[in-house]
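**Q**
Numbering (this note's numbering), first residue to last: 115 to 537.
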């Protein structure tokens with residue numbers, strides 16, 4: 115027996131289905147590579163590149179995504195997300211993106227700047243009084259006489275020549291816990307306790323001496339700088355940092371699977387984290403990170419999947435808007451991706467400058483990169499990587515979950531993408 119559907123009902127169902135199609139596809143529209151100037155045959159080299167690294171036990175698996183001119187030309191999952199269970203990697207697996215959280219934090223600050231609520235030149239102490247009157251550590255050479263405990267650096271402090279600013283934090287030129295021996299030891303003394311929030315912890319950083327005079331060099335601040343920016347967002351907006359990101363960035367962009375803490379139903383999709391050791395991969399215990407539900411690290415706390423992060427990258431590629439939502443003005447994205455810390459600044463590598471929360475390729479030849487001049491992006495400690503190439507209108511995303519100290523796979527992935535361009 116055949117079920118008969120009235121014509122008017124059928125037309126209604128069809129209309130609703132057609133209406134839903136653009137919404138379902140709005141977040142990620144696919145295209146034949148040739149339609150966006152890429153070679154299908156040459157794009158296969160992305161697969162070959164990733165497979166070489168899997169076979170060499172550099173990584174367990176990867177998700178790679180390439181969009182050009184606003185459409186996805188390559189999207190693939192390879193290898194395993196869990197070596198023990200042999201569970202295959204899938205396109206919607208979730209990754210700790212670590213420092214790829216920083217450009218999102220930078221965007222939040224720039225949104226507040228556009229609203230006139232912060233200035234790049236504002237001293238951090240304007241928002242967090244404990245940062246007023248910071249000192250700078252001067253490390254002394256050891257002479258074998260008394261003083262610090264074994265293993266601790268001997269140092270004295272001098273006043274900072276000026277206060278650190280929001281721009282200093284965004285560009286890693288503040289000296290705030292930037293890898294120096296004195297700040298490392300002193301920051302350990304005021305270490306964050308389980309269950310603490312940004313509001314409880316960040317003010318204590320004001321007691322830690324800076325590693326150098328503000329603005330005199332570039333040195334990466336892995337956590338302190340951008341966690342402090344996250345606290346400034348909270349103070350200025352009146353929202354917790356996770357609420358601000360969700361309401362002002364993630365929801366407008368349709369990033370439904372980006373968060374600081376995964377709920378239980380997401381756990382099966384969380385890719386296992388590994389570290390390289392003696393030509394093999396060792397599992398890293400991430401339970402403490404999974405259990406953290408109170409500290410929203412703007413420096414490295416976010417989790418997402420490749421498709422979600424594409425929405426953010428495409429927003430930057432499009433000059434601040436995506437999916438009909440504008441987060442930033444085009445001139446602000448231009449400001450973000452401009453050179454603020456040039457490659458001539460001590461600490462920077464030739465050809466690689468730094469913008470506001472993103473690295474900027476100022477000279478790809480000098481840097482040895484296969485991307486266009488003016489490309490920008492950043493990486494994560496667990497191997498994640500993204501870049502935006504405004505000249506070629508490309509967003510590239512690499513999701514792995516293995517420490518990648520030499521970033522060789524990043525460069526190989528970029529090369530595989532760029533060689534596939536035929537127009």
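No residue lacks a Cβ here, since even glycine has one placed at the ideal position from N, Cα and C.
1) Determine whether the beta carbon atoms of residue 223 and residue 280 lie at a separation below 8 Å.
2) Quick check: the region 177 to 193 against the region 408 to 423, are there 3 or more CB pairs under 8 Å?
3) What is the DSSP secondary structure of residue 568, reduced to helix, strand or coil?
4) Nearest-angstrom Cα distance between residue 322 and residue 244?
5) Rounded to a whole number of angstroms, what is the C-alpha to C-alpha distance between residue 205 and residue 396?
6) Compute the Euclidean distance between the alpha carbons of residue 479 and residue 524, then round it to the nearest angstrom.
7) Within the same chain, show all residues whose beta-carbon is closer than 7 Å to that of residue 507, passing over the 5 residues directly before and after it, in chain order.
8) Only counting the same chain, and skipping five residues up and downstream in sequence, which positions put a Cβ closer than 7 Å to that of residue 201?
9) Label residue 319 either buried or exposed according to how many other C-beta atoms from any shown protein chain fall within 10 Å of its C-beta, with 16 as the threshold for buried.
10) Can you tell me whether residue 188 is helix, strand or coil according to DSSP?
11) Report yes if the CB atom of residue 331 is closer than 8 Å to the CB atom of residue 461, and no otherwise.
12) Cβ of residue 288 within 8 Å of Cβ of residue 352?
13) If you check the beta carbons only, do residue 234 and residue 227 fall under 8 Å apart?
14) In three-state terms, what does DSSP make of residue 429?
15) Let me know the secondary structure DSSP gives residue 80 once reduced to three states.
16) Am I right that residue 71 and residue 271 are in contact with their C-beta atoms under 8 Å? What's the rounded C-beta distance?
17) Which residue from 466, 472, 497 puts its Cα closest to that of residue 484?
18) Which residues mark the beginning and the end of the beta strand (DSSP E) in which residue 175 is found?
19) Could you say which of 144, 150, 496, 143 lies nearest to residue 532 if we only look at CA atoms?
20) Using a 10 Å radius around the Cβ and a threshold of 16 neighbouring Cβ atoms, would you call residue 115 buried or exposed?
21) State the Cα-Cα distance for the pair residue 325 and residue 290, rounded to the nearest angstrom.
22) Are the CB atoms of residue 283 and residue 342 within a distance shorter than 8 Å?
23) Which two residues bound the contiguous beta strand (DSSP E) that contains residue 510?
24) State the DSSP-derived secondary structure class of residue 320, mapped to helix, strand or coil.
25) To the nearest angstrom, report how far apart residue 477 and residue 214 are at their CA atoms.
**A** With the given structure in hand:
1) Position 109 of the chain shown, counted from the start, is the residue given in the question as residue 223. Position 166 of the chain shown, counted from the start, is the residue given in the question as residue 280. It is a contact, given that the beta carbons lie within the stated cut-off.
2) yes
3) No statement about residue 568 is possible, as the shown extent of the chain runs from 115 to 537 and does not include it.
4) Numbered from its first residue, the chain shown carries residue 322 at position 208. Numbered from its first residue, the chain shown carries residue 244 at position 130. Going from the Cα of residue 322 to the Cα of residue 244 covers about 11 Å.
5) For the purposes of this step, residue 205 is taken as the residue at position 91 of the chain shown. For the purposes of this step, residue 396 is taken as the residue at position 282 of the chain shown. Roughly 23 Å between the two C-alpha positions.
6) Within the chain shown, residue 479 is the residue found at index 365, counting from 1. Within the chain shown, residue 524 is the residue found at index 410, counting from 1. Distance between the alpha carbons of residue 479 and residue 524 is about 16 Å.
7) Walking along the chain shown from the start, residue 507 turns up at place 393. If we look at residue 507 and ignore the five residues flanking it on each side, its Cβ neighbours are 182, 183, 431.
8) For this step, residue 201 is matched to residue 87 along the chain shown. Taken in chain order, the residues that qualify are 194, 195.
9) Position 205 of the chain shown, counted from the first residue, corresponds to residue 319. With 16 or more Cβ atoms within 10 Å of its Cβ, residue 319 is classed as buried.
10) Along the chain shown, read from residue 1 onward, the residue named residue 188 stands at position 74. DSSP places residue 188 in strand when its eight states are reduced to three.
11) On the chain shown, residue 331 is found 217 positions in, with the first residue counted as 1. On the chain shown, residue 461 is found 347 positions in, with the first residue counted as 1. Closer than 8 Å, so yes.
12) By 1-based counting over the chain shown, the position of residue 288 is 174. By 1-based counting over the chain shown, the position of residue 352 is 238. Contact flag unset, no.
13) On the chain shown, position 120 is the one that residue 234 refers to. On the chain shown, position 113 is the one that residue 227 refers to. It is a contact, given that the beta carbons lie within the stated cut-off.
14) Translated into the one-based positions of the chain shown, residue 429 becomes position 315. Looking at residue 429 - three-state DSSP - the assignment turns out to be helix.
15) No answer is possible for residue 80: it lies beyond the span of the chain, which begins at 115 and ends at 537.
16) The question about residue 71 has no answer here: the residues shown for the chain are numbered 115 through 537.
17) The residue you call residue 484 lines up with position 370 of the chain shown. It is 466 whose Cα lies nearest to the Cα of residue 484.
18) Numbered from its first residue, the chain shown carries residue 175 at position 61. Where residue 175 is concerned, the enclosing beta strand (DSSP E) stretches over 175 to 182.
19) Here residue 532 refers to the residue found at position 418 of the chain shown. Closest by alpha carbon: 150.
20) On the chain shown, position 1 is the one that residue 115 refers to. Only weak support exists for where residue 115 lies, its pLDDT of 35 falling under 50; the value from the coordinates is given anyway. Residue 115 is exposed by the Cβ-count criterion.
21) Against the chain shown, residue 325 aligns to sequence position 211. Against the chain shown, residue 290 aligns to sequence position 176. Cα to Cα, the separation comes out at about 7 Å.
22) Indexing the chain shown from 1 puts residue 342 at position 228. Indexing the chain shown from 1 puts residue 283 at position 169. Their beta carbons are under 8 Å apart, which means residue 342 touches residue 283 by this criterion.
23) Here residue 510 is taken as the residue at index 396 of the chain shown, counted from 1. Note, residue 510: beta strand (DSSP E), 508 to 513.
24) To locate residue 320, count along the chain shown from 1; it is residue 206. In the structure shown, residue 320 sits in a helix (DSSP, three-state: H, G or I).
25) For the purposes of this step, residue 477 is taken as the residue at position 363 of the chain shown. For the purposes of this step, residue 214 is taken as the residue at position 100 of the chain shown. Taking the straight line joining both Cα atoms gives about 22 Å.
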